[in-house]
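Residue numbers (this note's numbering): 34 to 707.
Notes follow the structure.
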Amino acid sequence: MSEGDNSSLPYTRVERSIGNKVLSIECGRYARQAAGAAMVQLGETVVFVAVASGPRPGHLDFFPLTVDYREKTSAAGKFPGGFRKREGAPSMEEILSCRIIDRSIRPLFPDGYSDEVSVYSIILSADQENEPDVLALVGASTALSVSQIPFMGPIAAVRVGLVNDEFIANPTLSELQESKLNLVVAGTRDNITMVESAAKEVSEETILDALEFGHEAIKQIIGAIDELVEKQGKEKTEFEIPVLDEELLGEMRDKLLGQIKEKLHTPGKFARKDAIRAVFDEYIGQKFPEDMDPDERATAVREAKDLFEKLKKEAIRAGILAREREDGRGLEDIREINADLAILPRTHGSACFTRGETQAVVTTTLGTPADEQRVDGLKPEYKKKFMLHYNFPAFSVGESWPNRGPKRREIGHGALAEKALEPVIPDPDKFPYTIRIISDILESNGSSSMASVCGGTLAMMDAGVPIRQPVAGIAMGLVVEDGEVRILSDILGSEDHNGDMDFKVAGTQFGITALQMDIKIAGISTDILKEALEQAREGRREILRRMLISCGLRAPRPELSKYAPRLIRIKIDVEKIGAVIGPGGKIIRRLQEETDTNIEVEDDGTVTVSAVGEGKAEKAVEMIEALTAEVEMGKIYEGRVVSIRDFGAFIEILPGKDGLCHVSEWDTSYIKDM
C-alpha cells in the first residue's frame with residue numbers, strides 16, 4: 034500500500050498480484066463530492082467508478098438501485114462509429130456489464146433499505162487486452178465500501194479462463210480466444226454471490242474447480258479493499274430496519290396463513306394467483322371497511338398488502354422446506370415438455386417449445402456472409418456469424434406495458450441463450466451461413482431463457498444446421514433456512530421470486546456450455562453449488578431426452594429449407610480477383626444478373642455465391658471458375674470464334690482468353706480464304 038505524495042489531495046493506492054498481473058485500486062483523489070469513488074487499473078485498462086445516494090423517492094416495494102456502465106471510445110484512441118461522434122444509448126456489451134454489476138451487489142444491501150443508489154462506471158483507458166467489466170465490479174464494491182451507504186460488502190470479482198488445462202485469473206482477450214472457459218465469478222470473503230459463464234462443454238467438476246480458483250483471487254482483492262476502507266472509509270449511515278406492525282402481522286398470520294398454504298396448491302398459475310388474491314381481498318373488506326377515511330384506508334391497505342406478501346413468501350418457502358411444491362412436483366421433477374417443429378411455413382427453421390406454463394416460439398434464419406453483424410467498441414472490430422435475440426412481450430405474463438425496444442433483461446437472457454448454443458455451431462469453413470435465432474416468449478412461468486435454449490436447438494435442427502450436439506437448459510432454485518437446504522429443479526416464477534437462488538445451467542449431454550447464477554442472500558458455499566450442479570446435470574439430460582422424443586427428430590435435417598439461400602464457397606487466386614470483379618464491378622454485376630445470385634469476394638480470394646433456388650449458385654460458380662481458370666497444355670477446348678484473320682481464326686477458349694487456330698490446322702486441304 035502506498036500513500037499518495039505527488040498530489041495536494043490525500044489518496045490511497047493498493048496493489049495485489051492477481052495471476053501474473055498487478056491489479057491496483059485507488060481512492061481519495063477523484064470525485065470527492067460523490068458518496069464514494071475508486072479508480073481500478075489492470076495493465077493499461079483503467080476504470081473509474083463513483084456511487085451516490087439520495088432519499089427514498091416515495092413508497093416503493095423495491096430497492097431503487099441504478100447501475101450505469103459506459104465505454105468511452107476515446108479509451109482505446111477511437112472515434113464512435115456512424116454519423117454521431119458522441120456516445121449514445123448503451124451497447125449490448127455495456128448492458129451486459131451493467132447486469133453483472135447489478136446482480137452482484139444488489140443482494141448486499143440491507144432488507145428494507147430503499148434509498149436511491151446509483152453506481153456510475155466509466156472506462157477511461159482500454160488496452161484492448163484486459164477486460165474492463167470485472168474491474169468495474171471491483172470498483173463498484175470499493176466505492177460502496179468506502180462510502181457512507183450501508184453496503185454489506187466488500188465483494189470482488191475475477192474472470193477465470195482455462196487454457197491447456199490450466200486456470201488463468203483475468204485472462205487477456207488473446208488468451209480467451211484459446212480458452213475453453215470464460216467464467217466471471219463474484220463473491221465475499223466467505224461465499225460466492227454471482228456467476229456468469231460461457232464454456233465449451235466443460236464438466237461440472239471443472240466448473241467447481243474454476244469457482245474455487247476464482248474465489249482465492251477474490252479473497253486477495255477483498256484484502257486490498259479492506260485496506261482502502263481502513264484509510265479512506267466513511268462512517269456508515271445508521272439504517273433503521275422498517276418496523277413491522279407485529280400485532281397486525283400476528284393477526285394476519287393466524288387468520289390467513291393456513292388459507293394461503295391451501296390456495297398455493299390451486300392448479301394453474303393465474304387460477305392460483307386469483308385464489309390467493311381472493312383471500313387478501315376478503316380480509317381487507319372485513320378489516321378496513323369502505324366508509325373509512327380514504328387516505329387512512331389507502332395507507333392501511335398498502336401496509337397490509339406488504340405484510341400479506343411476506344406471509345405468502347413464508348408459505349411458499351415453508352412448503353418447499355416440507356418438500357411440497359405449489360404444483361405438486363417433487364424437488365427434482367421436471368414439468369411436462371412438448372416440442373413441435375416446422376410450425377411456420379416460410380421460415381428456414383421453426384419450433385415451439387413448451388415446458389409447463391412456459392412457451393417459446395423460436396425461428397432460425399440462414400443468411401450469407403453479408404448478413405454478419407459488425408461489432409465495434411473498445412475491442413478490435415469483429416464480425417458475428419451467430420446471434421440470438423430474445424423477446425419477452427407483456428402478454429406472456431398476462432400483463433400490459435409499452436414495447437419500446439428490448440429491455441436489459443431481454444438483452445441479458447438473449448446473451449445467455451446465445452452463449453449456450455454457440456459452442457455447437459458448425460465451423461464456418463464447413464457451414465458458411467450466418468445464423469440468426471429469434472425467441473419469442475408466448476407464455477412464461479419460470480425460466481424462459483432456458484426454454485429459448487431448447488427451442489433454439491430445435492429450430493436449428495429443423496433448419497438443417499449441422500450442430501455438433503443438441504443443447505438443453507434448466508433453471509434451478511434454492512431455499513436455505515435454519516440450516517436446512519432445499520434445491521429445486523425447473524423452478525416456477527414464484528419459486529424464483531421467493532427463493533434464495535436462480536441458477537441456470539445449459540449444456541449438451543457431455544458438458545456445460547453456459548451458466549448463470551444469481552444469489553439473493555449473502556452467498557452460498559461450494560458444497561451447495563456442487564449439489565446444485567449435479568442435480569442440474571440430471572435435470573438437463575432429462576429435458577434433452579424428452580424434447581428430442583417429443584419433436585421426433587434426433588439429428589438435424591439432412592436438407593436445408595427450400596427458402597434458405599444456397600451457399601457455395603470457392604477459393605480463387607488473389608491475382609484473379611480483378612478478373613471476377615471487372616472494371617468498376619462490371620463483370621461481377623453481369624454475373625449476378627445473369628444467374629440471379631449474390632456474389633461476395635474477399636481479399637484472400639474466398640468467393641461466396643448465394644442464391645435462392647436450385648442450380649443458380651452452381652451456374653455462377655461455373656462461370657467464375659471459367660473466368661479464373663488457366664489454359665492447360667494438351668487440353669481440348671470448345672469455344673466461340675471471335676475473329677478471323679488471313680492466317681487463322683481466334684477462338685475464345687476461356688472467358689477473356691482467346692486461342693489461335695492457324696490456317697494450316699483448319700483443314701487437311703489448302704484454304705484460300707478463311
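C-beta: ideal position from N, C-alpha, C; glycine also.
Other residues of its chain near residue i: CB distance less than 7 Å, five sequence neighbours each side excluded
i	result
leucine 661	According to the sequence provided, residue 661 is threonine. The question's leucine does not apply to it. Counting only Cβ-Cβ distances below 7 Å, and skipping sequence neighbours, we find Ile605, Asp606, Lys609, Ala612, Val613.
valine 674	Ala682, Ile684
glutamate 77	Ser158, Asp160
glycine 87	Asp148, Glu149
Environment of residue i [buried if 16+ CB atoms lie within 10 Å]
i	result
tyrosine 44	buried
methionine 325	exposed
histidine 695	exposed
serine 472	buried
glutamine 66	exposed
serine 697	exposed
valine 203	Per the sequence presented here, residue 203 reads as asparagine, with valine not at that position. That one is buried.
threonine 467	buried
alanine 337	buried
tyrosine 153	buried
lysine 463	exposed
arginine 335	exposed
valine 498	buried
aspartate 629	exposed
lysine 416	exposed
serine 676	exposed
lysine 752	The first residue shown for the chain is 34 and the last is 707, placing residue 752 beyond what the model contains.
serine 35	Only weak support is given to the placement of serine 35: the predicted model assigns it a pLDDT of 48, under 50, and the value that follows is read from those uncertain coordinates. By the neighbour-count rule (16 or more Cβ atoms within 10 Å), serine 35 is not buried but exposed.
glutamine 319	exposed
isoleucine 582	exposed
8 Å Cβ shell around residue i - same chain, five flanking residues per side excluded
i	result
histidine 248	Val218, Gly220, Ile225, Thr559
aspartate 38	Residue confidence for aspartate 38 is low, a pLDDT of 49 falling below 50, so the modelled location carries little weight and cannot support an answer.
arginine 356	Gly363, Leu364, Arg519
leucine 241	Thr559, Leu562, Lys563, Leu566
methionine 125	Ile444, Ala448
isoleucine 711	The chain is shown from 34 up to 707; residue 711 falls before or after that span and cannot be answered.
Local conformation of residue i per DSSP, three classes
i	result
serine 178	helix
lysine 553	coil
serine 35	Reliability fails at serine 35, whose pLDDT of 48 lies under 50, so the model's placement of it is uncertain and no value is given.
serine 383	strand
alanine 67	coil
asparagine 224	coil
isoleucine 349	helix
lysine 619	helix
arginine 599	strand
isoleucine 686	strand
leucine 525	coil
arginine 501	coil
glutamine 161	coil
alanine 508	strand
C-alpha distance - residue i paired with residue j, whole-angstrom precision
i	j	result
glutamate 651	proline 503	31 Å
glycine 114	glutamate 127	16 Å
histidine 422	alanine 453	13 Å
leucine 129	glycine 540	21 Å
lysine 213	lysine 668	51 Å
glutamine 625	phenylalanine 419	26 Å
leucine 354	isoleucine 552	18 Å
alanine 68	aspartate 166	21 Å
alanine 231	isoleucine 557	21 Å
lysine 619	cysteine 385	46 Å
leucine 98	arginine 578	41 Å
alanine 169	proline 143	22 Å
glutamate 199	leucine 56	21 Å
lysine 343	phenylalanine 321	19 Å
glycine 526	glycine 186	28 Å
alanine 64	alanine 83	7 Å
valine 262	arginine 62	14 Å
alanine 496	lysine 412	32 Å
Same chain only: Cβ atoms within 6 Å of residue i, ignoring 5 sequence neighbours per side
i	result
arginine 469	Thr398, Met420
glutamine 210	none
Note down, one range per segment and in chain order, each beta strand (DSSP E) of at least 3 residues found wholly within the region 74-144. 78-87, 98-104
Where in the region 407-464 do unbroken runs of the alpha helix (DSSP H), each at least 4 residues long, occur, reported from the N-terminal end onward? 441-454
Just to confirm the assignment: which complete alpha helix (DSSP H) runs, minimum length 4, are found wholly within the region 291-369? 302-320, 327-354
Beta strand (DSSP E) segments (min. 3 residues) lying fully within the region 212-270: 214-220, 225-235
Residue ranges of each alpha helix (DSSP H) within the region 612-676, 4 or longer: 619-628, 649-661
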